[in-house]
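S.K.: Just so you know, the numbering used here puts 184 at position 171 of the sequence shown, and the rest follows in order with no gaps.
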Amino acid sequence: MRNLKDILKKEKKKLFDYQQGNIRPIKTTRPYLQEPWEGLLPKSCIVIGGHSSAGKSYELDMLMGELLDVDLNPDAADYVWLNFSLEMPLFSLMVRYLSKVLQIPKEQVIMKKFTEEQNVQVREALEVWQDGRYFLQDEPTSPNEYFELVDTFCKENMDKKAIFISIDHVVLLDGDGNTTASVNSVLRHTNTLKLRYDNVYFIYLSQLSSNFFGRLNERDNHSAPKDTDTFYSAQLNQIADYTIIIVNPFQLGINEWLRFSPERYPHLGKYMSEVDKNNKASFSTEGLLFYHVVKNREASRGYTNLFIHELYPRTEKIVTASSKADYVSKKAKEEWQSLLGDSKAETGREKIEPNKEFGPDMFDPPF
């Protein structure tokens with residue numbers, strides 16, 4: 014227990030430092046994290062939800078790359094990151110990440126040798142993983158072990174400009190088989206750590222509950238994700254400053270997403286269908302990820318709560334005499350055709366023979 018008279022001076026100085034630009038919110042280009050500070054303040058907790066294969070782990074990788082980017086954040090060389098990767102092994106994470114970076118299918122990442130240009134891209138993409146700022150915990154971890162590990166990590170890095178803690182996925186921190194009790198413990202520990210350390214930030218990933226999938230329908234606003242759709246949402250929402258839910262409606266069998274007045278989303282006009290007789294439009298879904306911001310603790314009323322990310326470049330073609338714009342992805346169709354093609358197609362590896370003189374200790378990758 015501390016007297017406010019004794020501690021307020023420190024907080025007033027911190028406010029003055031923000032006003033003078035001596036301290037700045039940590040930057041990211043992710044649009045859903047721009048309000049209200051155009052960046053992150055210490056002790057923030059971000060929850061990213063989504064259905065399977067929506068891109069939650071990839072989004073975490075993108076966030077890590079941006080937050081640790083010295084061009085965006087000049088102090089980033091003095092940041093550290095501890096990731097609890099409890100769903101996928103590191104190799105799978107790396108393959109997924111490189112597939113996105115190189116914009117090639119995952120099978121090509123593994124089965125086809127990189128070109129010299131791709132080697133450069135891979136080297137640059139993985140550089141952030143190898144510079145000593147990134148730490149990984151990928152073994153089964155109980156909530157109490159999580160607290161001890163994070164507490165020790167934060168204590169050892171109290172002098173750093175920022176400490177990031179991430180969990181992929183939070184419900185997998187289940188030491189005793191009682192998931193509800195485990196999640197409650199993790200979030201209680203999170204609150205303790207937020208109060209204990211001034212330079213810590215949290216990013217937690219979560220799957221969506223069955224409630225979300227039971228509401229899915231074409232052109233139906235009931236399909237929109239809610240803050241109650243993540244696993245153990247009541248507990249997560251209590252600790253979260255931002256809750257973002259990523260949805261790939263096309264992957265879920267939905268061709269037209271939501272139904273709304275076009276004026277509601279003026280920044281997303283290129284993705285809308287023509288209005289119906291009631292002046293309502295929907296979003297075409299092919300090749301798009303929808304980022305729904307269902308909680309932003311500090312934002313003012315009316316903040317932007319929906320963003321769209323293109324998974325691949327979309328081409329516009331004229332399909333009617335009235336010049337209706339229909340955004341169609343040729344790439345998606347070509348990839349499906351390749352998957353449905355001749356299973357005996359050559360891979361370019363048929364004539365490769367093992368080099369018996371090559372040992373694991375000699376391995377020096379070109380990236």
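Glycine residues also receive a C-beta, built at the ideal position from the N, C-alpha and C atoms.
So, helix, strand or coil for Lys113, using DSSP?
M.R.: helix
S.K.: Along the chain, where does the alpha helix (DSSP H) that runs through Arg314 open and close?
M.R.: It is not in any alpha helix (DSSP H) - Arg314 carries neither H nor E in the DSSP assignment.
S.K.: Do Val83 and Lys173 come within 7 Å of each other at the CB atom, strictly closer than that value?
M.R.: no
S.K.: Can at least three beta-carbon pairs, one atom from the segment 123-137 and one from the segment 177-188, be found at a separation below 8 Å?
M.R.: These segments do not touch.
S.K.: If you check the beta carbons only, do Ser179 and Leu73 fall under 7 Å apart?
M.R.: yes
S.K.: Count the C-beta pairs between the segment 191-203 and the segment 35-53 that are closer than 8 Å, then say yes if the count reaches three, no if not.
M.R.: no
S.K.: Which value, in whole angstroms, describes the spacing of the CA atoms of Asn230 and Ile267?
M.R.: 7 Å
S.K.: Quick one: residues in its chain with C-beta nearer than 7 Å to the C-beta of Asn250, no 5 flanking neighbours on either side, listed in chain order?
M.R.: Asp240, Thr256 and Lys308
S.K.: Measure the alpha-carbon distance for Ser112 versus Ser222 and round it to whole angstroms.
M.R.: 28 Å
S.K.: Assess contact between the segment 100-118 and the segment 45-58, defined as three or more Cβ pairs (one per stretch) separated by less than 8 Å. Is contact present?
M.R.: No, because fewer than three Cβ pairs between the segment 100-118 and the segment 45-58 fall closer than 8 Å, the two stretches do not touch.
S.K.: Below 8 Å on the Cβ atoms is my contact criterion, and I expect Ser70 with Met101 to pass it. Report the Cβ-Cβ distance as a whole number of Å.
M.R.: 7 Å
S.K.: Less than 7 Å between the beta carbons of Leu324 and His305, yes or no?
M.R.: No. Outside cutoff.
S.K.: Where do the N-terminal and C-terminal ends of the beta strand (DSSP E) with Ile176 fall, by residue?
M.R.: Ala175 to Asp181
S.K.: Confirm, please, whether the CB-CB distance from Val213 to Ile176 is below 7 Å.
M.R.: yes
S.K.: Out of curiosity, what's the CA-to-CA distance linking Asp242 and Asn224?
M.R.: When rounded, the distance between both Cα atoms is 6 Å.
S.K.: Please name the residue or residues paired with Asn96 in a DSSP beta bridge.
M.R.: Leu149 and Ser179
S.K.: Taking only the alpha-carbon atoms, compute the straight-line gap between Met75 and Lys26 and give it to the nearest angstrom.
M.R.: 33 Å
S.K.: Leu115 to Leu139, Cα distance in whole Å?
M.R.: Cα to Cα, the separation comes out at about 12 Å.
S.K.: Rounded C-beta distance between Val260 and Pro275? I'm assuming under 8 Å.
M.R.: Going by Cβ atoms, the distance from Val260 to Pro275 rounds to 20 Å, so no, they are not a contact pair.
S.K.: In or out: Ala247 buried (at least 16 other Cβ within 10 Å) or exposed?
M.R.: exposed
S.K.: Using three-state DSSP, classify Tyr71 as helix, strand or coil.
M.R.: Looking at Tyr71 - three-state DSSP - the assignment turns out to be helix.
S.K.: Shortest alpha-carbon distance to Phe263 belongs to which of Asp254, Phe273, Phe226 and Leu302?
M.R.: Leu302
S.K.: Would you identify the three-state DSSP class for Gly282, choosing helix, strand or coil?
M.R.: Here Gly282 carries a helix assignment [DSSP, helix/strand/coil].
S.K.: How about Ile382 and Thr203: do their beta carbons lie closer than 7 Å?
M.R.: This structure does not reach residue 382, given that the chain is present from 14 up to 380, and the question cannot be answered.
S.K.: Could you give the residue range of the alpha helix (DSSP H) that holds Ser246?
M.R.: In the DSSP assignment, Ser246 falls within the unbroken alpha helix (DSSP H) covering Ser246 to Ile252.
S.K.: Sorted by chain position, which residues of the same chain lie with C-beta nearer than 7 Å to Arg228's C-beta, five sequence neighbours on each side aside?
M.R.: His235 and Ser236
S.K.: Just to confirm my understanding: we take Asp88, look at its own chain, exclude 5 residues before and 5 after, and list those with CB closer than 6 Å. What are they?
M.R.: Lys174
S.K.: CB-CB under 8 Å to Leu85, same chain, minus the five flanking residues each way: which ones, in chain order?
M.R.: Close CB contacts of Leu85 within its chain, under the 8 Å cut and outside five residues either way in sequence, are with Lys40, Thr41, Thr42 and Glu79 (chain order).
S.K.: Identify whether Phe263 lies in helix, strand or coil by the three-state DSSP scheme.
M.R.: coil
S.K.: Hey, quick one: how far does the alpha helix (DSSP H) through Lys48 stretch, first residue to last?
M.R.: In the sequence as presented, Lys is not what sits at residue 48; that position holds Glu. Counting along the chain, Glu48 falls outside any alpha helix (DSSP H), and DSSP gives it neither H nor E.
S.K.: In angstroms, rounded to a whole number, what distance separates the CA positions of Tyr381 and Gly300?
M.R.: In this structure the chain extends from 14 to 380, so residue 381 is not present and cannot be described.
S.K.: Is the beta carbon of Lys293 less than 7 Å from the beta carbon of Arg314?
M.R.: no
S.K.: In angstroms with no decimal places, state the Cα-to-Cα distance between Lys22 and Ser98.
M.R.: 39 Å
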